[in-house]
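Visitor: The following block contains the structure, expressed as structure tokens.
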Amino acid sequence: MNFNLKKLTVKAQEVVQTAIEIAQNYNNQIIEPEHLLAALIQESGNIADTILRKTGGNVDAIKIKVTGLLESLPKVTGAGVGNQQMSQNLAKLFDNASEEAKNLKDEYVSTEHLLLALSEDKGKAGQLLRDNGISHDLIIAALKDVRGNQRVTSQNPEDTYQSLKKYGNDLNELVNAGKLDPVIGRDEEIRRVLQVLSRRTKNNPVLIGEPGVGKTAIVEGIAHRIVSGDVPENLKTKRVVSLDIGALVAGAQFRGQFEERMKAVIKEVERSQGEIILFIDELHLLVGAGATQGAMDAANILKPALARGELHAIGATTLN
């Protein structure tokens, strides 16, 4: 293939590679939009799958029917196998995906742009999407829901979509689902933390104590009280989200990747306009977390947002 992959995100490059492998598996010498569609929907839980399911379209039917489309494509044997080339239709689709990226003011072509271009495709791949209730407008609406106002400015933008869902646990949701047991005997501490949270300034409490004394239980108790409405009026609509530092650091191989994830979490909290209270357990782990050569650690990334009062947080740490 002669296509320049430099302007694709890492995930989009992986999709292209998967499309090539699918073409090889079906003995197709020419790579068509159908191969790209099959590659995009192959993995459940990825961004393309999430967006498609949010449109309300029949994704499972598409997964079944795309196999039939691949079976109907011309096959080669012998020397032609393994020497895949892009069809004119696919080349045009990549051009259209690039236009979709420009329209959204994105700097790289990502999987969502490929999906948008496929939805407008005049061939069988595009028709399959439309026949199963997936249109360009529905994808745009779902995309706004998934990534908000974020733009694709790096080759790993998927790391920053729905950051709190990926790198945090919504304690209010866990309480509603009955997954957090009620907290007994910590009323005084819970009341004190609620007092601090209700302040206009200096409203980021830190719980200090030895491991196992129940610091996390106090925060879980606060989530219980918010859900039951047993909190001051200004806290009744708040959500408590516990930050998972391990998930933030996991897989952040490239320079600045952890920094991007952390900043995306902060932006999402800031966008909530004070409705999200971030719980950071083992606060001391933030010092040095994610720091690589020339990159900031988590503590320094958090500091400006805390100083500006744009981040509402509860910390927990030990005396040592």
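Count the sequence shown with our numbering and you get residues 2 to 321, in order. For glycine and all other residues, C-beta sits at the position ideal for the given N, C-alpha and C. Every value quoted in this text rests on a predicted model; they were computed, and no experiment measured them.
LYS106 and ARG152: beta carbons closer than 8 Å?
Guide: Here residue 106 refers to the residue found at position 105 when the sequence shown is read from its first residue. Here residue 152 refers to the residue found at position 151 when the sequence shown is read from its first residue. Yes, these two residues count as a Cβ contact at 8 Å.
Visitor: Per DSSP, what kind of secondary structure is THR217 in: helix, strand or coil?
Guide: For the purposes of this step, residue 217 is taken as residue 216 along the sequence shown, with counting starting at 1. Three-state result, THR217: helix.
Visitor: I'd like to know if the segment 220-238 and the segment 191-202 are in contact, where contact means that at least 3 CB-CB pairs between them fall below 8 Å.
Guide: yes
Visitor: Using the C-alpha atoms, what's the distance from LYS103 back to LYS189?
Guide: Counted from its first residue, the sequence shown places residue 189 at position 188. Counted from its first residue, the sequence shown places residue 103 at position 102. In the sequence as displayed, the identity of residue 189 is Glu instead of Lys. Straight-line Cα distance between these residues: approximately 55 Å.
Visitor: With THR112 and ILE209 assumed to form a contact (beta carbons below 8 Å), what rounded beta-carbon distance in angstroms separates them?
Guide: To locate residue 112, count along the sequence shown from 1; it is residue 111. To locate residue 209, count along the sequence shown from 1; it is residue 208. Wrong, their Cβ atoms sit about 44 Å apart, outside the cutoff.
Visitor: Hey, is the segment 223-230 in contact with the segment 247-263, meaning 3+ C-beta pairs nearer than 8 Å?
Guide: no
Visitor: For HIS36, collect the residues of the same chain with a Cβ closer than 6 Å to its Cβ; drop the 5 residues on either side in sequence, then sort them by chain order.
Guide: What you label residue 36 is simply residue 35 of the sequence shown in a count that begins at 1. The residues are ALA20, ILE23 and ALA24.
Visitor: Count the C-beta pairs between the segment 127-135 and the segment 48-67 that are closer than 8 Å, then say yes if the count reaches three, no if not.
Guide: yes
Visitor: Are the CB atoms of ALA306 and ILE281 within a distance shorter than 8 Å?
Guide: Stepping through the sequence shown from its first residue, residue 281 is reached at position 280. Stepping through the sequence shown from its first residue, residue 306 is reached at position 305. Against a cut-off of 8 Å, the Cβ pair of ALA306 and ILE281 comes out as no contact.
Visitor: On the CB-based measure, 16 or more other CB atoms within 10 Å of its CB, does GLY295 come out buried or exposed?
Guide: Translated into positions along the sequence shown, residue 295 becomes position 294. Note that GLY295 has pLDDT 48, beneath the 50 cutoff, so the model's placement of it is unreliable and the number below is only indicative. With fewer than 16 Cβ atoms within 10 Å of its Cβ, GLY295 is classed as exposed.
Visitor: Once DSSP output is grouped into helix, strand and coil, what is the label at THR19?
Guide: Position 18 of the sequence shown holds residue 19. Residue state, collapsed to three classes: helix.
Visitor: For GLN86, does the three-state DSSP call read helix, strand or coil?
Guide: If you number the sequence shown from 1, residue 86 lands on position 85. Residue state, collapsed to three classes: strand.
Visitor: Is the separation between the beta-carbon of GLU121 and that of ASN97 shorter than 8 Å?
Guide: Counting from 1 along the sequence shown, the entry for residue 121 is found at position 120. Counting from 1 along the sequence shown, the entry for residue 97 is found at position 96. Yes, these two residues count as a Cβ contact at 8 Å.
Visitor: Between the Cα of LYS12 and those of GLN86, ASP146 and TYR109, spot the shortest distance and give me the residue it belongs to.
Guide: As a working mapping, residue 12 is identified with position 11 in the sequence shown. Per the Cα distances, TYR109.
Visitor: Taking the alpha carbon of GLU283 as the reference point, which residue from GLY222, ALA224, GLY215 and GLN258 has its own alpha carbon closest?
Guide: The sequence position of residue 283 within the sequence shown is 282, counting from 1. For GLU283, the nearest C-alpha among the options comes from GLY215.
Visitor: Do ASN170 and VAL242 count as a contact pair if the criterion is CB distance below 8 Å?
Guide: In the sequence shown, counting from the first residue as 1, residue 242 sits at position 241. In the sequence shown, counting from the first residue as 1, residue 170 sits at position 169. In this structure, ASN170 lies closer than 8 Å to VAL242 by Cβ.
Visitor: Look up SER199 in the DSSP assignment and give the residues it is bridged to.
Guide: Here residue 199 refers to the residue found at position 198 of the sequence shown. SER199 is not bridged to any residue.
Visitor: How long is the line joining the alpha carbons of ASN28 and GLN18, rounded to whole angstroms?
Guide: What you label residue 28 is simply residue 27 of the sequence shown in a count that begins at 1. What you label residue 18 is simply residue 17 of the sequence shown in a count that begins at 1. Straight-line Cα distance between these residues: approximately 15 Å.
Visitor: Taking C-alpha atoms, which residue in LEU115, LEU6 and ARG148 lies nearest to HIS137?
Guide: Numbered from its first residue, the sequence shown carries residue 137 at position 136. For the residues LEU115, LEU6 and ARG148, the minimum Cα distance to HIS137 belongs to LEU115.
Visitor: Assuming ILE278 and LYS304 are in contact, meaning their beta carbons sit under 8 Å apart, how far apart are those beta carbons, in whole angstroms?
Guide: As a working note, residue 278 is residue 277 in the sequence shown. As a working note, residue 304 is residue 303 in the sequence shown. Actually they are not in contact, since the Cβ atoms of ILE278 and LYS304 sit about 18 Å apart, beyond 8 Å.
Visitor: Going by alpha carbons, who is nearest to SER164 out of HIS285, LEU144, LEU172 and LYS264?
Guide: Within the sequence shown, residue 164 is the residue found at index 163, counting from 1. SER164 has its Cα closest to that of LYS264, out of HIS285, LEU144, LEU172 and LYS264.
Visitor: Locate the beta strand (DSSP E) running through THR338, then write down its first and last residues.
Guide: Outside the modelled stretch of the chain, which goes from 2 to 321, sits residue 338, for which no answer is possible.
Visitor: Please report the residue range of the beta strand (DSSP E) in which SER243 lies.
Guide: In the sequence shown, residue 243 corresponds to position 242, counting from 1. Where SER243 is concerned, the enclosing beta strand (DSSP E) stretches over 240-244.
Visitor: According to DSSP, simplified to helix, strand and coil, what is LEU181?
Guide: On the sequence shown, position 180 is the one that residue 181 refers to. In the three-state reduction of the DSSP assignment, LEU181 falls in the coil class, being assigned neither a helical nor a strand state.
Visitor: For THR78, which residues of its own chain have a beta-carbon under 8 Å away from its beta-carbon, when the five flanking residues on both sides are left out?
Guide: Walking along the sequence shown from the start, residue 78 turns up at place 77. Within its own chain, the residues whose Cβ lies closer than 8 Å to the Cβ of THR78, once the five positions on either side in sequence are excluded, are ASN28, listed in chain order.
Visitor: Looking at VAL194: is its Cβ nearer than 8 Å to the Cβ of PRO183?
Guide: Within the sequence shown, the letter at position 193 stands for residue 194. Within the sequence shown, the letter at position 182 stands for residue 183. No; because the gap between Cβ atoms is not below 8 Å, this pair is not in contact.
Visitor: Determine the extent of the alpha helix (DSSP H) in which ASP50 is found, giving its start and end residues.
Guide: Mapped onto the sequence shown, residue 50 falls at position 49. Where ASP50 is concerned, the enclosing alpha helix (DSSP H) stretches over 48-55.
Visitor: Between GLU33 and LEU6, how many whole angstroms is the CB-CB distance? I'm expecting something under 8 Å.
Guide: For the purposes of this step, residue 33 is identified with residue 32 of the sequence shown, where counting begins at 1. For the purposes of this step, residue 6 is identified with residue 5 of the sequence shown, where counting begins at 1. Wrong, their Cβ atoms sit about 18 Å apart, outside the cutoff.
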